[in-house]
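K.L.:
Note that UniProt numbering has the sequence shown beginning at 1, numbered continuously upward. Yeah, the Cβ is synthetic: ideal placement off N, Cα and C, and Gly gets one too. Please read all numbers here as calculations on a predicted model, not as lab measurements.
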Amino acid sequence: MNRPPENDLCSICHSHFTAPCQANCSHWFCGNCIMLVWRHGSTSQPCSCPLCRRPISLLVPTEETVDRIVLRDLESYNRLFGRGTASLLQMMQDLPFLLTETVACCMVGLLDDVFIALICFLHIAALYRSVLYRRHTGP
1 MNRPPENDLC SICHSHFTAP CQANCSHWFC GNCIMLVWRH GSTSQPCSCP
51 LCRRPISLLV PTEETVDRIV LRDLESYNRL FGRGTASLLQ MMQDLPFLLT
101 ETVACCMVGL LDDVFIALIC FLHIAALYRS VLYRRHTGP
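1. Where does A19 fall in DSSP's three states?
2. Going by other Cβ atoms of all chains shown within 10 Å of its Cβ, with 16 needed for buried, is A117 buried or exposed?
3. Sorted by chain position, which residues of the same chain lie with C-beta nearer than 6 Å to T18's C-beta, five sequence neighbours on each side aside?
4. Pick from P96, T62, D73: whose alpha carbon is nearest that of W38?
5. Are there 16 or more other CB atoms within 10 angstroms of the CB of V108, so buried, or fewer, so exposed?
6. Under three-state DSSP, which class holds S44?
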């Protein structure tokens with residue numbers, strides 16, 4: 001198993017590695033730091049490497065990583081964005097997360113569309129009123 005270089009620091013927190021993990025682009029990060037970067041952006045797509053900007057599709061922790069929360073988060077990230085096939089059980093476990101993301105995106109889009117439709121309706125109603133007013137009052 002690979003280890004981060006001895007004198008290297010995490011490029012996100014600029015400190016010594018805690019729960020080090022290696023991205024598929026071969027850069028090293030603290031497990032918690034790279035998870036914070038991912039959560040800061042869109043959690044429905046893989047995060048980009050802070051150094052080379054390539055999408056990270058795999059995060060591999062070292063054998064010394066014992067933080068269960070970080071390991072669980074890394075496993076979840078790899079399940080979502082890794083190139084392996086997911087089992088039916090894994091897809092069922094990810095379903096609540098995917099549904100909440102989908103519903104949230106649809107609600108924002110739906111609210112925008114309803115607001116625009118309301119403005120268009122009010123504009124057409126104002127035009128219709130002005131046409132009726134001109135017909136009844138004459139030229």
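P.N.:
On the basis of the supplied data:
1. coil
2. exposed
3. C30
4. D73
5. exposed
6. coil
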